[in-house]
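Below is one structure, written out as structure tokens, with a few remarks after it.
Numbering (my numbering), first residue to last: 219 to 544.
See below:
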């Protein structure tokens, strides 16, 4: 059963073996392996061997036994992930500490540090630690950085850094750690392939902690709040699109003039709110000074969009227009 086999089914015995590698004791694993010395090379449909399972569950003793029997820390599953990728997924502190403590284990045969090896999407274990809010593991990786160009090496195929990942999943502790680790060299306003900064990504998410992420990032570099992506959208455009009311309040508080920011089609955040029918957002933007007479590239005002998509938003805009006339 090779790594390249597709569509195969593992037997009950093989599944039991993989489960034992992950959850069982070393003596239980040794007992199971006596049935077939080749079992450490058995993989599931994704290409994960027993070592991947043991690494993910932080079963260090079983990992060491499997390596002794021929398993490799440098192995890849079908998506290009290594056992360290899966250890990062599982928050496996003991396994990762073990790997980082030994130079012969922390580097692959090409001399690359294992926590900077990319899978087929360009994702490193460092990205995964940031995504999983594993600040302890991320700190271990940061401590292992020694002159590495993290800005260059820790970028996935969308040009996203671990800071983008931490911001996306609203990991306050990981964002703070990355900002405080100068040797990582990750810019606060680094843009991905779509022109998105970590701040924009956080603004466009609806996690309860997103507002704290926004404050952390803006505090580190206030000018980043006015940046725009490849579509010309500001963080406020994205917050309005996500109807993230707390972030909308925060952005308007930190930079009031952002209320009149325009995307590449000259649409303001108010255009977005009106079209989506986000009535509370419409109200907040109007109170912040957004003009409901602003026309976009197609000569369309927020009221026009509201008339097409949201009666309540239209009523709010018309009500504000009447008050303004008084």
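Idealized CB from N, CA, C, for every residue including glycine.
Going by beta carbon distance, what residues of the same chain come within less than 8 Å of residue 495, once the five residues before and after it are set aside? 524, 527, 528, 530, 531
Look up residue 250 in the DSSP assignment and give the residues it is bridged to. Residue pairing by DSSP leaves residue 250 without any beta bridge partner.
Test item: CB-CB of residue 276 and residue 236 under 8 Å: no
Starting from the C-beta of residue 421, find all residues in its chain whose C-beta is less than 8 Å away, skip the five residues before and the five after it, and write them out in chain order. 428, 432, 453, 454, 456, 457, 460, 462, 465, 469
Do residue 380 and residue 372 count as a contact pair if the criterion is CB distance below 8 Å? yes
On the three-state DSSP scale, how would you describe residue 363? coil
Would you kindly work out how many angstroms separate the C-alpha atoms of residue 301 and residue 382, rounded to a whole number? The C-alpha of residue 382 is placed about 23 Å away from the C-alpha of residue 301.
Can you tell me the Cβ-Cβ gap for residue 396 and residue 411, rounded? I've got them flagged as a contact below 8 Å. About 20 Å; that fails the 8 Å criterion.
So if DSSP puts residue 313 in a beta bridge, which residue, or which two residues, is it bridged to? Looking at the DSSP assignment, residue 313 forms no beta bridge with any residue, so it has no partner.
Sort out for me which residues DSSP pairs residue 576 with in a bridge. With the chain covering 219 to 544 only, the question about residue 576 has no answer from this structure.
Buried or exposed for residue 273, going by 16 or more other Cβ atoms inside 10 Å? buried
Would you mind stating whether residue 352 and residue 309 have Cβ atoms separated by less than 8 Å? yes
What residue range does the alpha helix (DSSP H) around residue 285 cover? 278 to 286
What's the call for residue 230, buried or exposed, on a 16-neighbour Cβ count within 10 Å? exposed
How close, in whole Å, do the beta carbons of residue 348 and residue 399 come, if the pair is a contact with beta carbons under 8 Å? About 12 Å separates the two Cβ atoms, so there is no contact after all.
Let me make sure I understand the geometry here. Which of 537, 267, 430, 356 has the alpha-carbon closest to that of residue 296? 267
For residue 377, which option in 404, 391, 356 has the closest C-alpha, if you only look at C-alpha atoms? Just measuring C-alpha positions, the residue of 404, 391, 356 sitting nearest residue 377 is 404.
Can you look up residue 439 in the DSSP assignment and give me helix, strand or coil? coil
Cβ of residue 451 within 8 Å of Cβ of residue 481? A contact, by the Cβ cut-off of 8 Å.
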